[in-house]
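Here's the structure we're looking at; comments come further down.
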Amino acid sequence: MPRPVGRSCVGGSMILPNPLPFAPSLCQLHAILFTMIASERRWSGTLLLLGTIIGAGIFGVPAMIGAWGVLPATFAFAVLTLIVLGTHLLYAEALLLEKTNKRMPGQAAYWLGKPMGTLTGFAFVLQTCGSNLAYIILGGEFLAVLARILHLPGSVLIWQVIFWAAGAITVLVGLSFVERVEGFLTWALVAVIFALTAFFLMRLDFSAILSMPSRFTFEPYGVFLFSLLGTTSMPEVEDIVRSNKRDMRLAVLRGTLGAAVLTYIFGVTAWLASGASLSRDPADLVLLLPPAVAFIIPLFGFLAVGTSFLTMSLDLRNMFHIDYHFTAPSAWLAALGVPFALLFLTTRDFLATIGLVGATFSAFIAATAALTGRAALRRRKGIEKFSTLWWQANVFPALIVLAYLVGGLAWLTYA
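The working numbering numbers the first residue of the sequence shown as 1 and each following residue consecutively.
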């Protein structure tokens with residue numbers, strides 16, 4: 001018996017001929033819908049990664065571009081961007097294969113062994129504590145600027161203590177509200193960065209391109225790395241794209257490069273708009289704006305840094321409570337108390353803090369992420385020696401880890 005005329009979308013199911021020859025068939029509608037959903041997932045993952053990367057670190061980039069000079073800093077930033085992109089792509093390979101434990105220490109333990117997982121967990125705690133210290137320092141500085149605008153008294157240290165106290169109270173009693181508005185505040189900050197960049201573009205002093213520092217320092221390495229890495233949000237990106245390899249890679253590629261381009265443009269335009277005269281204090285960026293709108297940077301900077309502090313505190317509390325078996329009160333005390341104690345035990349220098357965190361703890365975690373990707377790639381069968389996949393699974397990760405090692409040693413020596 002001859003088969004009825006029709007179209008088949010899946011298997012042997014039969015669909016009657018399309019009565020409207022110029023209208024799309026059900027197969028075509030299904031394909032269009034699938035493409036739209038996949039595209040939406042890719043862009044959702046892209047935006048999540050981009051929004052995670054753009055944070056407090058971006059406020060340190062202008063001064064660090066000046067610390068190296070525009071042309072050397074541009075070259076170094078581009079190289080670091082490629083290294084971080086390679087790290088993110090390698091880590092994506094590990095996340096796509098191992099889905100039972102999405103925290104970095106768990107991934108390290110699964111792919112590299114339990115001792116490496118323990119070491120990575122320790123580095124993660126130090127990274128988070130250091131990041132939260134940086135948030136307290138910068139958040140308090142932004143509050144102090146707002147206080148001066150409103151003619152309120154108080155030193156920067158007092159406002160840093162107030163920032164920590166407000167954050168501690170919020171994280172203990174009202175974190176659910178913060179989780180709901182965090183995404184909005186992050187994107188509000190991105191919008192402000194766009195607006196500030198557009199304003200800076202109208203005031204560029206191109207003679208500052210030739211301005212070179214009087215002495216060499218490797219400090220920008222740590223700050224640039226802190227502002228570029230986004231491994232913490234990649235498990236959520238993998239969830240959004242539903243473990244689709246192509247979508248994951250596209251989201252990582254777009255998110256990493258998009259954040260890097262925006263961060264660099266903001267940094268270089270702010271430095272050139274200042275005429276190569278910015279200080280180390282990120283709050284001094286307000287001096288580049290007219291007095292009527294000078295509040296924009298400290299206000300949105302404070303809100304963005306504040307939400308980052310709260311969510312990182314929750315993440316640190318969960319690690320102490322779940323991974324290290326602290327009691328709930330002890331976990332909260334450690335998560336909130338350690339960064340507060342560090343506030344009085346350090347110089348309270350924002351750039352020095354994120355430079356240290358970026359060049360050491362973040363670099364170690366990034367190198368570990370690259371090694372997990374290497375282990376995931378090497379699990380594939382039939383890899384021919386010197387093939388493209390062989391280079392990706394062997395040489396590429398080794399070069400990335402070597403770059404982090406050399407960069408960290410140079411930072412410790414010359415920063």
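Note that the Cβ used here is the ideal one computed from N, Cα and C, for glycine as well.
For clarity, every value in this text was computed on a predicted model and none was experimentally measured.
With contacts defined as CB atoms closer than 8 Å, I193 and I54 qualify as a contacting pair.
Annotation: the continuous alpha helix (DSSP H) that includes F226 extends over 219-228. C-alpha of A168 to C-alpha of A144: approximately 19 Å in a straight line. Cβ atoms of E93 and G373 come within 8 Å of each other, at about 4 Å. In this structure the segment 214-231 touches the segment 84-93; the number of beta carbon pairs closer than 8 Å is three or more.
The beta carbons of L138 and A56 sit about 5 Å from each other, so the pair counts as a contact at 8 Å. Shown here, I383 sits in coil according to DSSP, grouped into three states, outside any helix or strand. Nearest to A76 by C-alpha distance, out of F218, L345, D323, S308, is F218.
Scanning the segment 91-162 for uninterrupted alpha helix (DSSP H) segments of 4 residues or longer gives 104-112, 114-149, listed from N- to C-terminal end. Separation of A123 and A251 (C-alpha to C-alpha, rounded to the nearest whole angstrom) is 27 Å. The criterion of a C-beta distance shorter than 8 Å is not satisfied by D247 and R380. Its Cα nearest to that of P290, the residue F199 stands out among G60, A260, T263, F199. Membership of T372 in the alpha helix (DSSP H) is indicated by the continuous run 363-378. Per the C-alpha coordinates, the member of N132, L389, S44, A73 positioned closest to R348 is N132. Contact check between the segment 390-403 and the segment 104-123: fewer than three CB pairs, one atom from each, fall below 8 Å, which does not count as touching. Here G258 really is in contact with T46; their C-beta atoms are around 7 Å apart, less than 8 Å. Inclusion of Q160 and L343 in the CB contact set at 8 Å is warranted, their separation being smaller than that value.
Excluding sequence positions up to five before and after V286, its CB lies within less than 7 Å of the CB of V145, A294, I297, P298, all in the same chain and listed in chain order. At the C-beta level, L49 and T186 stay beyond 8 Å of one another. Between W164 and I136, the gap from beta carbon to beta carbon is short of 8 Å. As the crow flies, the alpha-carbon of A331 is around 18 Å from that of P105. Relative to A370, the option among M319, L356, L201, A403 whose CA is nearest is A403.
Taking all protein chains in view, the Cβ of P282 is crowded by 16 or more other Cβ atoms within 10 Å, so the residue is classified as buried.
Counting C-beta atoms within 10 angstroms of its own C-beta, Y91 has 16 or more neighbours from the protein chains shown and is therefore classed as buried. For G69, the CB contacts under 7 Å within the same chain, skipping 5 residues up- and downstream, are S211, M212, P213 in chain order.
Closest option to I354, judged by alpha-carbon separation, among V406, L152, W411: W411.
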